[in-house]
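Contents: one structure, followed by commentary.
2 protein chains.
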Amino acid sequence: MEEPFKKTGNDIKIAVIGGGTGSFTMLSALKHHTRQLAAIVNMADDGGSTGVLRDELGTLPSGDVRQCLVALSDSPKIRDLFDYRFEEGTFGGHSFGNILLTALEKVTGSFSEAVATASEILRVNGTVIPATLDNVRLKMEWPETSVILHGERVIDAKYFQHDPRQAHLALVPNPTANPMAIQAIAEADIVVITPGDLYTSLGPLLIIDGIGDALRESKALKVYVSNLVTKNGQTAGFSVGDHAAEIERFAGGHFLDYVLYNKQQPTDDVAARYKQEGAYITPVDMDVLHKAHYKTLAGNFLGTMAEAHTADIIPVTRSLIRHDAEEVARALMDLYETYGERR
Amino acid sequence: MEEPFKKTGNDIKIAVIGGGTGSFTMLSALKHHTRQLAAIVNMADDGGSTGVLRDELGTLPSGDVRQCLVALSDSPKIRDLFDYRFEEGTFGGHSFGNILLTALEKVTGSFSEAVATASEILRVNGTVIPATLDNVRLKMEWPETSVILHGERVIDAKYFQHDPRQAHLALVPNPTANPMAIQAIAEADIVVITPGDLYTSLGPLLIIDGIGDALRESKALKVYVSNLVTKNGQTAGFSVGDHAAEIERFAGGHFLDYVLYNKQQPTDDVAARYKQEGAYITPVDMDVLHKAHYKTLAGNFLGTMAEAHTADIIPVTRSLIRHDAEEVARALMDLYETYGERR
């Protein structure tokens, strides 16, 4: 695993930036359009099976990496194995893929080696790149108050008492970006920021020193695929523009060329189910979007309700609404064709 | 995994029958002489990591199968992964290969599928065949007494109060032999019974209905590679001939063409170290061997002292003496050349 993209072939090179489920969904769809995919993955996860393994064995977080590997795998049988979660006994709740990545890190002494070997085993088409190879924990702090939250798991479960847009997000200790991640962003034709939790998935990745600058310097078409729904107690009321603004705040400034958002309304019963959980379709703030430095593209991106696939912790009370990832992928490819000509 | 041996190629076909370490050692040496190896593996193990997984998840025993897979693997990196044993935390003491086989059995719903997929992952040259696919436990019973021992782990740790040659060994419930095992024995040019614990490794395999008959019917050269040392409290004082007699008792009658045994004496300090543990070089009973229905071949088969490799349970008080497996393999191949002509 030395280069983010293959040197041969003229497929479009796409770097996909994000965490678990959002990246999984986008990679699963984009792989039908190109074989040149690099998934840059959040490394702040410390919950669930991943968290236990980190705490007990001092290894790096495997959950999000595992999901990206599975998305890019060509072997259905071994994909099922990676996704398998033990139901009982000593291993109850643990995902096999996490155990494998942890064992590989122990055996090879390096998380990148572990990811490379797992990629071989899974016959992965593409490259999975941990955003950093440092062992970090997430911290969220409101400078005007005394509130400090420690750890991705804690922050993820929190109902924020203060506006998160005033909060400072940091990784401890301050990590170095994986050079492969920087290279992937530099070489990509398209960079996709996938939908994902702002403060526990996208934020922890985009704040890494060097990532923001790489995004601004890259010649790629840079697109954020906006979250479909808001998260109760964290991003309630956040519009598409608010999401994009936070994304760019994390990255230290403007870099987005395009924001893709959904304009489709859910059916009444789906909406009702969401309302129960305090989640709502992300509102579209046309005034703000029209004035934004980035362009926007609206589509009917609402997929069918999905069952949890490989999420590391599945909050029981939270249903899962998904993008119609095929539709989003097609929109991205169309966008690139148009944009490529003007570039 | 449908055929024990490939239909193409004119390599000598060797079926190796045994348990963990003995099979591991012989397979590791024999693979330099042929690519047509079938390892038929004892399935009564219920100790250590394997035992915990069996008890908790109801899966078949993975430890001995794992060792054979590792021996036949072409991928050093993935071999190391399979052999990795977690040192601490929830998984402490568990071997990664066992976890993988267990997860695969759960995912595929079948232990043979699990072995086949693990073989792919490990790039195994050859075939690893569980002797039975039934979930069985070992039982050892002295009919003249009221003593009944249950479970491989219990029997393995026992200091027998009665002569084990009077004991009845059984699997509960009475299993069906894996048809692949029967086929491998039938098609083999050589069948090797590897050195191994008589009552907890070789016995539990050879007593399976159909295995003994297959051995007697097979046109293969059938060789038992005699144990190097006796086991304290179980086979103390057993000669080479005594070992061979028990092997044939388990299989329900004569089938051996040859017994290979070691005639080399250990150095004084190795002997002293063994004596401490009540283990002795297996005595050679020339009178008995000369009268036996099988032929014998004696060699200098003593290897250097080895560190434990992948044994599932390593009794702390028991050092490890190993065959010079390369020497044994060469002797077997020479024997076949000679025998093949007379066949």
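Chains as they are written, first to last, in the working numbering: chain A, 1 to 343; chain B, 1001 to 1343. Glycine included, C-beta positions come from ideal geometry on N, C-alpha and C.
What E1056/B touches in chain A, judged by beta-carbon distance under 7 Å, is E88, G89, T90, going in chain order. Rounded to the nearest angstrom, the gap between the Cα atoms of R35/A and I1182/B is 45 Å.
DSSP places Y224/A inside the beta strand (DSSP E), whose first and last residues are 221-225. Taking each of A1279/B, R1123/B, L1060/B in turn and checking the Cα distance to S1110/B, the smallest one comes out for L1060/B. Relative to A38/A, the option among V115/A, G63/A, K106/A whose CA is nearest is V115/A. Residues of the region 1056-1080 of chain B with a Cβ closer than 9 Å to any Cβ of chain A, in chain order: E1056, L1057, S1075, K1077, I1078, D1080. Sorting I208/A, S146/A, I190/A by C-alpha distance to the C-alpha of A170/A places I208/A at the top. If you draw a straight line from the Cα of D46/A to the Cα of R137/A, it is about 8 Å long.
Looking at the DSSP output, V1041/B bridges to G1018/B, P1130/B.
The beta carbon of G51/A is closer than 7 Å to those of R153 in its chain, skipping five residues each way along the sequence. At a cut-off of 8 Å between C-beta atoms, Y1274/B does not count as an interface residue with respect to chain A.
Per the coordinates, the alpha-carbon of T267/A lies some 14 Å from the alpha-carbon of L228/A. Under the DSSP assignment, T296/A falls outside any alpha helix (DSSP H), being part of the beta strand (DSSP E) whose first and last residues are 295-299. Going by DSSP, I185/A is part of the alpha helix (DSSP H) stretching over 179-187. Put simply, of I129/A, A220/A, K139/A the residue whose alpha carbon is nearest the alpha carbon of K13/A is A220/A. Ranking D134/A, R54/A, L256/A by CA distance to the CA of N174/A puts D134/A first.
Under the three-pair Cβ rule at 8 Å, the region 327-335 of chain A counts as touching the region 287-305 of chain A. For a Cβ distance threshold of 7 Å, residue set D80, L81, Y84 of chain A lies close to V1107/B, ordered along the chain. Taking the beta carbon of F96/A as reference, the chain B residues within 7 Å of it are A1103, listed in sequence order. Every unbroken stretch of the beta strand (DSSP E) spanning 3 or more residues and falling wholly within the region 184-217 of chain A is given here in chain order: 190-193. Exclusion of the five residues before and after F1255/B leaves L1215, R1216, K1222 as the residues of its chain whose Cβ lies within less than 6 Å of its Cβ. Counting only residues of its own chain and dropping the five nearest sequence neighbours on each side, S201/A has a CB closer than 6 Å to the CB of G19, N42. Of the other Cβ atoms in all chains shown, 16 or more fall within 10 Å of the Cβ of T25/A; this residue is therefore buried. For T117/A, the chain B residues whose C-beta falls within less than 9 Å of its own C-beta are K1077, I1078, L1081, listed in chain order. When CB distances to chain B are screened at a threshold of 9 Å, the residues of the region 117-148 of chain A falling below it are T117, E120, I121, in chain order.
Short of 8 Å from the beta carbon of A1244/B, and not among the five residues preceding or following it, lie these beta carbons of its own chain, in chain order: Y1224, S1226, L1256, V1259, A1292, Y1294. The region 87-103 of chain A makes contact with the region 1073-1093 of chain B: 3 or more CB pairs, one atom from each, lie closer than 8 Å. Of all residues in the region 191-220 of chain A, none is placed with a Cβ closer than 7 Å to any Cβ belonging to chain B.
In the displayed model, Q1264/B falls within coil according to three-state DSSP, outside both helix and strand. Taking a contact to require three or more Cβ pairs closer than 8 Å, the region 1113-1128 of chain B and the region 74-82 of chain A qualify as touching. Pairing A1236/B with L1104/B, the inter-Cα distance amounts to about 40 Å. A Cβ of chain B is located within less than 8 Å of the beta carbon of I99/A.
In the DSSP annotation of this structure, the continuous segment of the beta strand (DSSP E) that includes R1137/B starts and ends at 1137-1141.
For A170/A, the enclosing beta strand (DSSP E) starts and ends at 168-172. Contact note: V52/A reaches chain B through G1089, T1090, using a C-beta cutoff of 9 Å and chain order. Here DSSP, grouped into helix, strand and coil, assigns S95/A to strand.
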